[in-house]
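What follows is a set of notes on a single structure, which appears directly below.
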Amino acid sequence: MPPTIIKVVNKTSVREPQMGSRWPTHRLSAIIAGTGAHVPARVMTNADLEKIVDTSDAWITERTGMKERHIAAAGETASDVAMVACEKALAESKVKAEELDLIVVGTVTGDMPFPSTACVLQERLGASRAAAFDVSAGCTGFIYALSVAQQFVANGVYRTVLVVGVELMSKVTDWTDRSTCVLFGDGAGAAVLKAGKDTDTGILGTYLAANGHGGQHLYMPAGGSRHPASVETVQQRMHTCKMNGNAVFKVAVRNMADAVKHLLQETGLGIDDLALLIPHQANLRIIEATAKLLKFPSERVFVNIAKYGNTSSATTIIALDEARKAGLVHPGDNVMLVAFGAGLTWGGVLIRF
Ligand code: ACO
Numbered sequence: 029m030p031p032t033i034i035k036v037v038n039k040t041s042v043r044e045p046q047m048g049s050r051w052p053t054h055r056l057s058a059i060i061a062g063t064g065a066h067v068p069a070r071v072m073t074n075a076d077l078e079k080i081v082d083t084s085d086a087w088i089t090e091r092t093g094m095k096e097r098h099i100a101a102a103g104e105t106a107s108d109v110a111m112v113a114c115e116k117a118l119a120e121s122k123v124k125a126e127e128l129d130l131i132v133v134g135t136v137t138g139d140m141p142f143p144s145t146a147c148v149l150q151e152r153l154g155a156s157r158a159a160a161f162d163v164s165a166g167c168t169g170f171i172y173a174l175s176v177a178q179q180f181v182a183n184g185v186y187r188t189v190l191v192v193g194v195e196l197m198s199k200v201t202d203w204t205d206r207s208t209c210v211l212f213g214d215g216a217g218a219a220v221l222k223a224g225k226d227t228d229t230g231i232l233g234t235y236l237a238a239n240g241h242g243g244q245h246l247y248m249p250a251g252g253s254r255h256p257a258s259v260e261t262v263q264q265r266m267h268t269c270k271m272n273g274n275a276v277f278k279v280a281v282r283n284m285a286d287a288v289k290h291l292l293q294e295t296g297l298g299i300d301d302l303a304l305l306i307p308h309q310a311n312l313r314i315i316e317a318t319a320k321l322l323k324f325p326s327e328r329v330f331v332n333i334a335k336y337g338n339t340s341s342a343t344t345i346i347a348l349d350e351a352r353k354a355g356l357v358h359p360g361d362n363v364m365l366v367a368f369g370a371g372l373t374w375g376g377v378l379i380r381f
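Using our numbering, you'd call the opening residue of the sequence shown number 29 and step up by one each time.
Here's what the structure looks like:
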């Protein structure tokens, strides 16, 4: 089955007049006004995992590039971790929660199936004016959420939007399955988007893609209408993440490289115009293979997988926040976020700072 591709490029264009007075004549830019990130306090090292399953520091390091990850405490929720990231992003952007028009959260491990974690955050932050919803796209969650938010800003519907990527994968991990439990960590990142007039800065383009046929390779079977929670679903560990790692690995490299190429083509930039590539942190070998396929220098690929593992929808925004705060992102730099995940989904966002 061919994948569904959605391409959106922030080219300045005149809108249809029948859209109403709320809509601007020209598209606006969506500027990243601030970012924040947070991970739970507890660190789990590869040595700790050696005590839980039949694995080794050498295997995990060599096959994934991971050394440690942060794991939420019992009772610590996705909104607890996201709150800290949101408060940091709001503080940096000098935006008060009550000024927010919209909150979009990319997550598959929110506080509960409903209401959305975005609504939980809306209440906890005191963002009383904001509409709020979650986006489910696995590890591509932040990219999808940011792309949706960018549309609202570019079209003049909302001026100030909080976009969050948060995941507590440890809560849906089968801790007896060594092929998955070593891979994931918990964490959150957030970005505040503001409307601007200069369409040469901010989000220059987004690219989203999906192929539901690949959903069988990465999923959590129970807890929805197909397999509602029961004693059997719990006993059979159906409320945990199932993954065919090899199948995901194969398409991940090709799909991330495709997303980068599509975005460059649509925005008229070349690969050399990218100051920094921030890929999903799922496996160091996937990151290296993607850079190699793109013939992109590894010095300009941001990698922090050793410290956090795969925080799913939070990886790219945690990495962007770290890169910015380490002084690696300068005014005028083109930075691309690119990810893949459950769905299967993949996509990218090109931002000029
Ligand atoms: N420790 C030691 N040995 C292990 C471990 C482990 N933790 N896990 C698997 N092995 C063994 C396997 O049992 C197998 O043994 P065998 O040859 O005796 O059968 C051997 O290692 C090789 O297994 P592979 O699965 O072929 O290992 P591979 O090199 O492919 O690495 C991995 C597995 C790390 C899962 C890789 O396939 C991968 O990273 N896949 C992509 C994962 C991913 O990115 N997921 C998407 C994001 S998640 C989201 O969207 C929510």
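Virtual Cβ for every residue (Gly too), placed ideally from N, Cα, C. None of the values given here were measured: they were computed from a predicted structure.
CA-to-CA distance, residue j to residue i, given in whole angstroms
| i | j | result |
| --- | --- | --- |
| Lys-79 | Val-71 | 14 angstroms |
| Ala-106 | Thr-135 | 9 angstroms |
| Gln-293 | Leu-302 | 13 angstroms |
| Ser-175 | Asp-85 | 37 angstroms |
| Ile-306 | Arg-157 | 32 angstroms |
| Phe-277 | Leu-348 | 23 angstroms |
| Ala-280 | Asn-74 | 24 angstroms |
| Thr-261 | His-267 | 7 angstroms |
| Pro-141 | Gly-371 | 17 angstroms |
| Asp-298 | Thr-343 | Position check: residue 298 holds Gly in this sequence, whereas Asp was assumed. So the alpha carbons of these two residues sit roughly 25 angstroms apart. |
| Glu-126 | Gly-103 | 28 angstroms |
| Ala-219 | Val-192 | 7 angstroms |
| Ala-177 | Ile-379 | 14 angstroms |
| Asn-272 | Leu-246 | 6 angstroms |
| Gly-252 | Asp-139 | 15 angstroms |
| Ile-171 | Ser-341 | 8 angstroms |
| Ser-49 | Cys-167 | Model confidence at Ser-49 stands at a pLDDT of 48, short of 50, so the residue's coordinates are unreliable; what they give is reported in the following sentence. So the two alpha carbons sit approximately 37 angstroms from each other. |
| Thr-373 | Gly-242 | 9 angstroms |
| Thr-188 | Val-132 | 11 angstroms |
| Ala-160 | Asp-129 | 9 angstroms |
| Trp-87 | Gln-244 | 26 angstroms |
| Pro-359 | Met-94 | 31 angstroms |
| Val-366 | Ser-144 | 25 angstroms |
| Glu-96 | Glu-90 | 13 angstroms |
Contact set for residue i: own chain, Cβ-Cβ below 8 angstroms, skip 5 residues either direction
| i | result |
| --- | --- |
| Val-109 | His-66, Val-67, Pro-68, Ala-100, Val-194, Leu-196, Asp-214, Gly-215, Ala-216 |
| Thr-201 | Thr-208, Cys-209, Phe-212, Thr-268, Cys-269 |
| Thr-204 | Val-81, Arg-265 |
Simplified DSSP state of residue i, which is helix, strand or coil
| i | result |
| --- | --- |
| Trp-374 | strand |
| Val-331 | coil |
| Ile-345 | helix |
| Ala-238 | strand |
| Ala-102 | coil |
| Gly-296 | coil |
| Met-94 | coil |
| Phe-324 | coil |
| Met-140 | coil |
| Leu-118 | helix |
| Lys-124 | coil |
| Ala-310 | coil |
| Gly-166 | helix |
| His-290 | helix |
| Ala-155 | coil |
| Val-281 | helix |
| Asp-202 | coil |
| Ser-253 | coil |
| Ser-258 | coil |
| Gln-179 | helix |
Residues near residue i in its chain [Cβ-Cβ closer than 7 angstroms; skip 5 each side]
| i | result |
| --- | --- |
| Ile-314 | Phe-277, Ala-280, Val-281 |
| Ser-56 | Contrary to the premise, residue 56 reads as Leu rather than Ser in this sequence. Result list for Leu-56: Val-181, Ala-182, Gly-184, Ala-223, Gly-224, Lys-225, in chain order. |
| Thr-318 | Val-281, Met-284, Ala-285, Pro-307 |
| Val-357 | Leu-304, Ala-351, Val-363, Phe-381 |
| Arg-206 | Val-81, Asp-82, Thr-83 |
| Thr-137 | Ala-106, Glu-195, Leu-196, Met-197, Lys-199, Val-200 |
Opposing strand residues paired with residue i [DSSP bridges]
| i | result |
| --- | --- |
| Met-271 | Leu-246 |
| Met-72 | Arg-97 |
| Val-357 | Val-357 pairs with nothing; no bridge assigned. |
| Glu-195 | Gly-215 |
| Gly-184 | Answer is none; Gly-184 lacks a bridge partner. |
| Leu-221 | Ile-60, Val-189 |
| Val-132 | Phe-161, Val-191 |
| Val-363 | Leu-304, Ile-379 |
| Phe-368 | Trp-374 |
| Asn-338 | Phe-212 |
| Ala-65 | Gly-217 |
Contacts around residue i, its chain only, beta-carbon distance under 6 angstroms, and the 5 residues preceding and following it disregarded
| i | result |
| --- | --- |
| Glu-115 | none |
| Ala-310 | Asn-338 |
| Ala-287 | Tyr-235, Val-366, Trp-374, Gly-375, Gly-376 |
Given 8 angstroms, three or more beta-carbon pairs between the stretch 256-264 and the stretch 226-233: no
Inter-stretch contact at 8 angstroms, needing at least 3 Cβ pairs: the stretch 116-128 / the stretch 54-63: yes
Contact between the stretch 144-157 and the stretch 351-361 (3+ Cβ pairs under 8 angstroms): no
Contact the stretch 177-187 vs the stretch 318-332: 3+ CB pairs below 8 angstroms: no
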